[in-house]
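Since the structure comes first, as structure tokens, the remarks are kept for the end.
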Ligand code: GCB
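Numbering (the numbering used here), first residue to last: -15 to 576.
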């Protein structure tokens, strides 16, 4: 069962004062949810007049003289969840504020705390209930919530949310991305009810370095005195009761004999936590992940990551993906390709993805959108990136599938960027000491005509090195791969996190003709031959599973605002290179 969890975060980067705390939602309990998904009225506000005109009051003209220059009830509707760009043709390129409004009724109950929760809204949101400001949130891909106990009315209510996807130099990401800036309430919106004291967060996993001990912690919110928390894994015969301290926290540590989670055996155990009248059900896998020299060890054994990179773009329908079915289609294609690993780029994907990856046995690289060049010297930008890192980790820290937290993608080598990313690496380790830290880098030294060395100083702070190399597309020819040697300064595992070539599905030509399936096939074949010769290579995630919308891809008749490096087209057609990679993965898996 899915479950609600809260934790506190300081949102300084969102423009709130440092003393403002917001609870965030992680998972959602079936029993206490009231969905606010569906139709929301909206007003497009390109000149940013809504705040001054107080759209959040959802006002109506009181008489024939009254001047009110907006009316949500008579305005068009958008579906939530969903981005506005793919729902309304005129909004395809729109970047700026859109005001959403939803009226709903609510039946108040005694001793219940109520929260409004957003799975994700791109990019900056201001939220109002019944005309009153609840708060703001910055970051397009992480969940957030506000407590509305005492603010929600018995009977009629309305929520107004201003969502603004305008790009900013100081934001994360900043001004430039090679993906569509889909704006809006892109994930579920729900009301959640909780008892007065509730289980706010927990971590449950194998104790570091052990296969027979489970450790973790539980955090209660709302209690002022010590409380009993009971923890159960019924299938393993585990039932333990612990007491919380004055801060509502209890540590867990006990022996348990558990089958280990792995891609070949994605075993999940039902885990139950109870405290007072609150109860949490989760499904958790138990595994270890570590590195030894250039190897990644899963449950103590070396594993090679047969991966693919992917965007969260809805197959066939287009726009931002958000449904369970979207996740099943995307991860289903990864599975068909023979993957045991997916790189979810370039931002945290929806929780559907990581939960499904847990069930399917796909290992996950999860990333925050610190992408290309950002405002490295701006403390608010750093705080914003830290918040997004925190929220990504907090949402998924019980997912066995997630083994890698990625801090960044293709950032320029310069001192201020190193200082920034070093601090993110430290923050990630503090938040989660059990998973591996990585980044996708792209700066290499030319150590000779046919030798490239990854010596980016960021490597020092990572557990696993990611390299986006693009030999044969952005530089050199596909055949140059035959002679190319790759070295790294650091004795650490290396993942070739991107390479690829662009072609529309069904466009054919000679092997050396760009924008053809043949070119893409040829490039994959030479890449694979090259990759087999890299001793420290511990995995790959070529670019990319499916074609995706991009504002930087203009070529008429070929790109038409799509990045076409997908192995699968935006309509779900498999290009020929899909089978080339599939064959390689089959060889690795079967050893033949
Ligand atoms: C990259 C980026 C990715 C782009 C890709 C491309 O290196 O990491 O976001 O979409 O190259 O196709 O150029």
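C-beta atoms are modelled at their ideal positions from N, C-alpha and C, and glycine is treated no differently.
7 Å Cβ shell around residue i - same chain, five flanking residues per side excluded
i           : result
residue 505 : 560, 561, 564
residue 21  : 64, 65, 172, 173
residue 494 : 502
residue 402 : 441, 442
residue 455 : 464, 465, 468, 483
Exposure of residue i, with buried meaning 16 or more beta-carbon neighbours within 10 Å
i           : result
residue 140 : exposed
residue 97  : buried
residue 459 : exposed
residue 209 : exposed
residue 525 : buried
residue 305 : buried
residue 533 : buried
residue 145 : buried
residue 53  : exposed
residue 332 : buried
residue 426 : buried
residue 486 : buried
residue 9   : In this predicted model, residue 9 has a pLDDT of only 43, less than 50, meaning its place in the structure is not dependable; the value taken from the coordinates is given anyway. Result: buried.
Option nearest residue i by Cα separation, candidates the options
i           : options            : result
residue 434 : 448, 461, 409      : 461
residue 138 : 93, 101, 483       : 93
residue 537 : 110, 155, 160, 236 : 160
residue 267 : 380, 33, 569       : 380
residue 389 : 395, 413, 399, 403 : 413
residue 423 : 35, 574, 476       : 476
residue 198 : 184, 216, 206, 185 : 216
residue 584 : 382, 491, 290, 193 : For residue 584 there is no data in the structure shown, the boundaries of the chain being -15 and 576.
residue 71  : 452, 169, 395, 238 : 169
residue 429 : 512, 472, 39, 167  : 472
residue 221 : 378, 327, 303, 256 : 256
residue 437 : 301, 469, 454      : 469
residue 136 : 341, 425, 129, 99  : 99
residue 202 : 299, 186, 372      : 186
residue 338 : 418, 445, 377      : 377
residue 60  : 318, 297, 44, 82   : 82
residue 547 : 175, 531, 575, 54  : 531
residue 583 : 334, 404, 373, 105 : Residue coverage of the chain in this structure runs from -15 to 576, which leaves residue 583 outside it and unanswerable.
residue 298 : 556, 28, 408, 568  : 556
residue 383 : 26, 39, 34, 269    : 269
residue 374 : 407, 358, 348      : 407
Opposing strand residues paired with residue i [DSSP bridges]
i           : result
residue 530 : 552
residue 492 : None, per the DSSP bridge assignment.
residue 64  : 22
residue 176 : 17, 99
residue 233 : 203
residue 120 : 110
residue 424 : 393, 450
residue 131 : 99
residue 81  : 148
residue 142 : 87
residue 537 : Answer is none; residue 537 lacks a bridge partner.
residue 589 : Since the first residue of the chain shown is -15 and the last is 576, residue 589 is not available in this structure.
residue 292 : 326
residue 429 : 437
Close beta carbons around residue i, own chain, < 6 Å, minus the five adjacent residues each side
i           : result
residue 617 : Coverage of the chain is limited to positions -15 through 576, which leaves residue 617 absent and any answer about it impossible.
residue 75  : 68, 69
residue 447 : 275, 420, 421
residue 393 : 330, 355, 424
residue 90  : 136, 141
residue 25  : 56, 59, 61, 85
Same chain only: Cβ atoms within 8 Å of residue i, ignoring 5 sequence neighbours per side
i           : result
residue 211 : 181, 204, 227, 228, 232, 259, 260
residue 345 : 245, 246, 247, 248, 249, 250, 324, 385
residue 308 : 336, 340
residue 315 : 326, 337, 340, 341, 344, 346
residue 213 : 183, 202, 204, 225, 226, 227, 228, 234, 257, 258, 259
residue 416 : 377, 381, 389
residue 411 : 370, 373, 374
Integer-rounded CB distance, given that residue j should sit under 8 Å from residue i
i           : j           : result
residue 125 : residue 353 : 7 Å
residue 330 : residue 163 : 7 Å
residue 612 : residue 157 : Because the chain here runs from -15 to 576, residue 612 falls outside it and cannot be looked at.
residue 115 : residue 51  : About 18 Å separates the two Cβ atoms, so there is no contact after all.
residue 465 : residue 511 : 6 Å
residue 80  : residue 148 : 6 Å
residue 529 : residue 550 : 6 Å
residue 395 : residue 178 : So it is not a contact: roughly 39 Å between Cβ atoms.
residue 350 : residue 296 : Actually they do not touch by this definition, with Cβ atoms about 11 Å apart.
Residue i at chain D interface by Cβ criterion, 7 Å
i           : result
residue 262 : Among the protein chains of the structure shown there is no chain D, as only one such chain exists.
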